[in-house]
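Accompanying notes for the structure given below.
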Amino acid sequence: MRKYGEGQEKKLIQVVCNKCGRSLRVENGHLKEYCFSADPVFGYFSRKDGTRHHFDLCEDCYDELTGGFAVAADELEETEFL
4 MRKYGEGQEK
14 KLIQVVCNKC
24 GRSLRVENGH
34 LKEYCFSADP
44 VFGYFSRKDG
54 TRHHFDLCED
64 CYDELTGGFA
74 VAADELEETE
84 FL
């Protein structure tokens, strides 16, 4: 869950992990630790057709989620960081 400030800048104020409720570190409008952010849009053939969800997970909760997969997520090494 993300909270933004008022005004034209809409500066990021807070990011909270939707699973564990921990506040992630934000400084000067920038997130200072890893956060998995999902924004799925549900369409045809879904019971949630026409809705969009948004959630954020801290790295520990992301690891817990993916660690429970029956088929492991693909993991590739990144050599260039943006």
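Residue 47 in the working numbering sits at position 44 of the sequence shown, and the numbers go up by one each step. C-beta atoms are modelled at their ideal positions from N, C-alpha and C, and glycine is treated no differently.
Which residues mark the beginning and the end of the beta strand (DSSP E) in which Tyr-47 is found?
Position 44 of the sequence shown, counted from the first residue, corresponds to residue 47. That residue, Tyr-47, is in no beta strand (DSSP E); it is neither H nor E in DSSP.
Within this structure, are the beta carbons of Lys-22 and Val-29 separated by less than 8 Å?
For this step, residue 22 is matched to residue 19 along the sequence shown. For this step, residue 29 is matched to residue 26 along the sequence shown. Not in contact: Lys-22 and Val-29 (Cβ atoms no closer than 8 Å).
Identify whether Asp-66 lies in helix, strand or coil by the three-state DSSP scheme.
Numbered from its first residue, the sequence shown carries residue 66 at position 63. If DSSP states are grouped into helix, strand and coil, Asp-66 belongs with the helices.
In its own chain, which residues sit with a C-beta less than 7 Å from the C-beta of Thr-69, not counting the 5 before and 5 after it?
Here residue 69 corresponds to residue number 66 of the sequence shown, with the count starting at 1. Only Ala-76 meet the Cβ criterion.
Compute the distance between the beta-carbons of Phe-39 and Asp-59, then report whether it is under 8 Å.
Along the sequence shown, one-based indexing puts residue 39 at 36. Along the sequence shown, one-based indexing puts residue 59 at 56. A contact, by the Cβ cut-off of 8 Å.
Considering Arg-5, what are the terminal residues of the beta strand (DSSP E) in which it resides?
For the purposes of this step, residue 5 is taken as the residue at position 2 of the sequence shown. First-last of the beta strand (DSSP E) with Arg-5: 5 to 7.
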